[in-house]
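Notes for the one structure printed next.
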Amino acid sequence: MSVIRKILHLDLDAFFCAVEEQRNASLRGKPFAVGGRPESRGVVASCSYPARAFGIHSAMPMSQAVRLCPQLVIVPANHRAYGRCSQEVMARLRALTPLVEQLSIDEAFLDVTALGKPAAAIARELQAQIRAELNLPSSLGVATNKLVAKIANNVGKAAAHKGDYPNAITLVPPGHEAAFLAPLPCEELWGVGPKTAERLRSLGLMTIGDIARWPEQDLSARFGKHGVDLALHAQGKDTRPVETMRESKSISQETTFDRDIRDGDELRRVIRGQAEGVAAELRRKRLTASTVKLKLRWSDFTTFTRQTTFAQPTADAEQITAAALRLLGQSWGGELIRLVGVGVSGLGKGAQQLSLWEAPAEQAEREKEERLHRALQRLRQRFGDDAIKRGPSE
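Each residue of the sequence shown is one higher than the last, beginning at 40 in this note's numbering.
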């Protein structure tokens, strides 16, 4: 007989805003947003529930948010404070169970199957503890798997009283997963984005229940393996474990300019800095990357990406920089640029692999270069990113 799992999905309600209210009690009950200034193309990182009543939401341009709510209070982000609070929350989760999968600074899954109490009681006690000890509101979804627990939390938060923190707890009892999901729109399922939703609608499939009733064989024929996953998920089936370690799939840095630019020297300078930052992160995590991607956004918000793949995985800043600059030369014709980003993917563990034919002298030079990179990184960590810059090669 299989064990019935008890999975919690915890989400800290409007986390940045809740932390800011701790720092400034006068913000409570007011429409406010955490993020950048509207005149500097800032965006909303988080907004209070009174602000959400005006239609404001995360990732909205701050200039639009101010138009929707002229009395909006704008608070600059304090990521150090948010990081400290997040660590406090995660420490309490891990004191409850070692099976914690942190999804982001304010979100995590917990597997509490081994604990003797009912899952809903554990959720209530955890929510109360976080409120009493850290003065932070939170909502939880409770189910037998990650998929349903996450969706349950989304549904519970959406149904809560508007204008204040939801503080919701939503339980889906074992055996009721498919019935709970059935009336929800297809978009609530993981992996159903706008394009997939459009294809499902063309078949007349509007709800998760519609997908569950559709022949799995046909979904597989139309969507491949994704169709098999759709059929299983629509029935509320999800066997994925809570993963205590999450590996990076990509590393990237992006810059949005205060004003659109077409200065090639400035663009290349920013790309070099981003490539060095990405390479430093690779080395810090002891990873290498096989693919470099350049992202450009024109002044009309059109976004363009181009990528290239190395013959050998690398964490070398000069190689990543050179690849990104080549992509710029292939992609950019002098248009006004709003945003530029450099990223790497195809990540792997361990040091760079040497070619079979690489001469000892070349190997020694590569090792010397890596030691130099590590030394530069230590100096930058101590004195700042602009303390030392590499000069041009001879």
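Glycine residues also receive a C-beta, built at the ideal position from the N, C-alpha and C atoms.
### Message
Does T360 pass the burial test, meaning 16 or more other C-beta atoms within 10 Å, or should it be called exposed?
### Response
For this step, residue 360 is matched to residue 321 along the sequence shown. Taking every protein chain shown into account, the CB of T360 has 16 or more other CB atoms within 10 angstroms, so this residue is buried.
### Rounded C-alpha distance that separates R298 from P205
On the sequence shown, position 259 is the one that residue 298 refers to. On the sequence shown, position 166 is the one that residue 205 refers to. Our two residues, R298 and P205, have alpha carbons roughly 38 Å apart in a direct line.
### Task
May I have the straight-line CA-CA distance separating E357 from E315, to the nearest angstrom?
What you label residue 357 is simply residue 318 of the sequence shown in a count that begins at 1. What you label residue 315 is simply residue 276 of the sequence shown in a count that begins at 1. When rounded, the distance between both Cα atoms is 8 Å.
### Task
Return helix, strand or coil for R76, following the three-state DSSP convention.
As a first step, residue 76 must be located in the sequence shown, where it is residue number 37. In this structure, R76 counts as coil in the three-state DSSP scheme.
### Query
Of the choices K388, L179 and T347, whose alpha-carbon is the least far from that of R325?
On the sequence shown, position 286 is the one that residue 325 refers to. For the options K388, L179 and T347, the alpha carbon positioned closest to that of R325 is the one of K388.
### Message
Could you give the first and the last residue of the continuous beta strand (DSSP E) run that contains A197?
### Response
Taking the sequence shown and counting its residues from 1, the one referred to as residue 197 is at position 158. In the DSSP assignment, A197 falls outside any beta strand (DSSP E) and lies within the alpha helix (DSSP H) extending over K185 to A198.
### Query
CA-CA distance, F349 and A260?
Counted from its first residue, the sequence shown places residue 349 at position 310. Counted from its first residue, the sequence shown places residue 260 at position 221. Between F349 and A260, the C-alpha separation is close to 34 Å.
### Query
Looking at C-alpha atoms only, which residue of A104, G266, V309 and A318 is the closest neighbour of I290?
Looking up residue 290 in the sequence shown gives position 251. Comparing alpha carbon positions, the residue from A104, G266, V309 and A318 closest to I290 is A318.
### Message
Restricting to runs no shorter than 4 residues, where is the alpha helix (DSSP H) found entirely within the stretch 43-109?
### Response
Those alpha helix (DSSP H) runs which fall completely within the stretch 43-109 and span 4+ residues are 54-62, 88-91 and 101-107.
### Query
Which one of L321, V309, L386 and L165 has the shortest CA to CA distance from G380?
Indexing the sequence shown from 1 puts residue 380 at position 341. Comparing C-alpha distances from G380 to each of L321, V309, L386 and L165 shows the shortest one belongs to V309.
### Task
Spatial neighbours of T37 within its chain, please: CB distance less than 7 Å, with the 5 preceding and 5 following residues excluded, ordered by chain position.
As displayed, the chain neither begins before 40 nor continues past 433, which places residue 37 out of reach and without an answer.
### Task
Tell me A260's beta-bridge partners as DSSP assigns them.
By one-based count along the sequence shown, residue 260 stands at place 221. In the DSSP secondary-structure assignment, A260 is not bridged to any residue.
### Query
Who are K156's beta bridge partners in DSSP?
As a first step, residue 156 is located in the sequence shown; it is residue number 117 there, counting from the start. Secondary-structure assignment with DSSP links K156 through no beta bridge to anything.
### Query
Of all the beta strand (DSSP E) runs that stay within the bounds of the stretch 267-315, which reach a length of 3 or more residues?
With a minimum length of 3 residues, the continuous beta strand (DSSP E) runs that stay inside the stretch 267-315 are 289-300.
### Cβ-based burial, T209 [other Cβ within 10 Å; buried from 16]
Position 170 of the sequence shown, counted from the start, is the residue given in the question as residue 209. With 16 or more Cβ atoms within 10 Å of its Cβ, T209 is classed as buried.
### Cβ shell of A236 (< 6 Å), same chain only, five flanking positions each side left out
Working through the sequence shown from its first residue, we reach residue 236 at position 197. Only residues of its own chain outside the window of five on either side were considered, and among them C225 and E226 have a CB closer than 6 Å to the CB of A236, listed in chain order.
### Query
Rounded to a whole number of angstroms, what is the C-alpha to C-alpha distance between Q369 and K288?
Locating residue 369 in the sequence shown gives position 330, where the first residue counts as 1. Locating residue 288 in the sequence shown gives position 249, where the first residue counts as 1. If you draw a straight line from the Cα of Q369 to the Cα of K288, it comes to about 25 Å.
### Query
For the alpha helix (DSSP H) that A356 lies in, which residues bound it at each end?
Stepping through the sequence shown from its first residue, residue 356 is reached at position 317. Run containing A356: A356 to S370, per the alpha helix (DSSP H) assignment.
### Query
Which two residues bound the contiguous beta strand (DSSP E) that contains T344?
Sequence index remark: in the sequence shown, residue 344 carries index 305 (1-based). In the DSSP annotation of this structure, the continuous segment of the beta strand (DSSP E) that includes T344 starts and ends at T342 to T353.
### Query
Taking T136 as the reference, which of G248, A98, V73 and V281 has the closest Cα?
What you label residue 136 is simply residue 97 of the sequence shown in a count that begins at 1. Sorting G248, A98, V73 and V281 by C-alpha distance to the C-alpha of T136 places V281 at the top.
#### Entry: Three-state secondary structure (DSSP) of S41
As a first step, residue 41 must be located in the sequence shown, where it is residue number 2. It is coil, neither helix nor strand.
### Message
Mapping the DSSP letters down to three states, classify R336 as helix, strand or coil.
### Response
What you label residue 336 is simply residue 297 of the sequence shown in a count that begins at 1. Reduced to three states, the DSSP call for R336 is strand.
### Message
Using a 10 Å radius around the Cβ and a threshold of 16 neighbouring Cβ atoms, would you call F148 buried or exposed?
### Response
Within the sequence shown, the letter at position 109 stands for residue 148. Buried, by the Cβ-count rule.
### Query
When burial is assigned at 16 or more other CB atoms within 10 Å of the CB, is P352 buried or exposed?
One-based indexing of the sequence shown puts residue 352 at position 313. When all chains shown are included, P352 counts as buried.
### Message
Check whether the stretch 112-122 and the stretch 65-73 touch, using three or more Cβ-Cβ pairs below 8 Å as the test.
### Response
Counting C-beta pairs with one atom in each stretch, the stretch 112-122 and the stretch 65-73 have three or more that are closer than 8 Å, which means they touch.
### Query
CB-CB under 7 Å to Q168, same chain, minus the five flanking residues each way: which ones, in chain order?
Within the sequence shown, residue 168 is the residue found at index 129, counting from 1. Scanning its chain for C-beta atoms nearer than 7 Å, with the 5 sequence neighbours on each side dropped, one finds around Q168 the residues R131, in chain order.
### Query
V139 by DSSP, collapsed to three states: which one?
As a working mapping, residue 139 is identified with position 100 in the sequence shown. V139 sits in a strand when the DSSP states are folded into three classes.
### Task
Spell out a yes or no on whether the stretch 207-222 and the stretch 182-192 are touching, meaning 3 or more CB-CB pairs, one atom from each, closer than 8 Å.
Yes, the stretch 207-222 touches the stretch 182-192.
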